[in-house]
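In this note's numbering, the protein residues as written are 12 to 219. In this text, a Cβ means the ideal position worked out from N, Cα and C, and glycines have one as well. To start, the structure under review is shown below, and the notes come after it.
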């Protein structure tokens, strides 16, 4: 039975974290992952203020995929920005001329605790996601778990919860990121029973 055909929407707030100035010839920032300042933080917003410079590309990485933000060509006249999830690594290449002026904001989910996970009138229809058609076909296949069963999948993103934390049960799935939110929403829309559980491995990290 179809529960809802829209991807969950969420209220997000942006809070200024800090300004940064990267100056020629040594302005750069090595690859790193930002420390989350709250379990409700889902990402960062980086805004580049008008100030002519060269170099200083922002590189964002996640699961082997790189995105290169080259703001130098329009740096003298335009406000430019990038937003990315809090578990993405990123770095700033060397500024070779001028100064790169940055304001960094933390992005937080502001929905109330245990708010509904499905928001109507979303701008994204679930059936348009590739995973929707794939899972729908799988669930209709009589050879798929003919007697019922349980299947699990790791989240694609990292979350700042200890495996014993009650905050995980309060804030997930509201703080799900990217494909995790889409996958969770599609499963619910297709009538599957979905549970979010911690997974402990041999590494020091905890997973969901």
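Within a Cβ cutoff of 8 Å, which residues of the same chain sit near residue i, ignoring the five residues on either side of it in sequence?
i: residue 87; result: 61, 62 and 63
i: residue 164; result: 194
Please classify residue i as buried or exposed, where buried requires at least 16 neighbouring CB atoms within 10 angstroms.
i: residue 131; result: With a pLDDT of 40 at residue 131, under the threshold of 50, the predicted position of this residue should be treated as unreliable, though the coordinate-derived value follows. Counting Cβ neighbours within 10 Å, residue 131 comes out exposed, since fewer than 16 surround it.
i: residue 186; result: buried
i: residue 76; result: exposed
i: residue 154; result: exposed
i: residue 210; result: exposed
i: residue 43; result: exposed
i: residue 27; result: exposed
i: residue 149; result: exposed
i: residue 144; result: exposed
i: residue 137; result: buried
Ignore the nearest five residues each way along the sequence and tell me which others in residue i's own chain have a CB closer than 7 Å to its CB.
i: residue 49; result: 119
i: residue 41; result: 102
i: residue 29; result: 115
i: residue 188; result: 53, 96 and 168
i: residue 31; result: 113 and 115
i: residue 178; result: 50 and 172
i: residue 85; result: 91
i: residue 16; result: Low confidence applies to residue 16: its pLDDT is 47, below 50, so where it sits in the model is not reliable, and the reading given next is rough at best. So the qualifying residues of the chain are 136, 137, 138 and 200.
Taking the alpha carbon of residue i as the reference point, which residue from the options has its own alpha carbon closest?
i: residue 82; options: 73, 95, 98 and 58; result: 58
i: residue 203; options: 79, 151 and 113; result: 151
i: residue 197; options: 146, 157 and 55; result: 146
i: residue 113; options: 79, 23 and 33; result: 33
i: residue 91; options: 97, 68, 98 and 178; result: 68
i: residue 139; options: 200, 170, 158 and 108; result: 200
i: residue 220; options: 36, 205 and 208; result: The requested residue 220 is not part of the displayed model; the chain covers only 12 to 219.
i: residue 56; options: 168, 159 and 94; result: 94
i: residue 98; options: 84, 107, 117 and 85; result: 117
i: residue 89; options: 170, 111 and 171; result: 111
i: residue 6; options: 208, 74 and 171; result: It is not possible to answer for residue 6, since the shown part of the chain is limited to 12 through 219.
Identify, in the order they occur along the chain, each residue of the same chain with its Cβ nearer than 6 Å to the Cβ of residue i, setting aside the five sequence neighbours on each side.
i: residue 72; result: 100
i: residue 121; result: 22 and 24
i: residue 171; result: 47 and 50
With a threshold of 8 Å, are at least 3 pairs of Cβ atoms found where one atom belongs to the segment 92 to 104 and the other to the segment 191 to 202? no
Legend entry - Ranges of the alpha helix (DSSP H) found wholly within the segment 24 to 110, counting only runs of at least 4: none
Give the list of continuous beta strand (DSSP E) stretches no shorter than 3 residues that lie fully inside the segment 169 to 205. none
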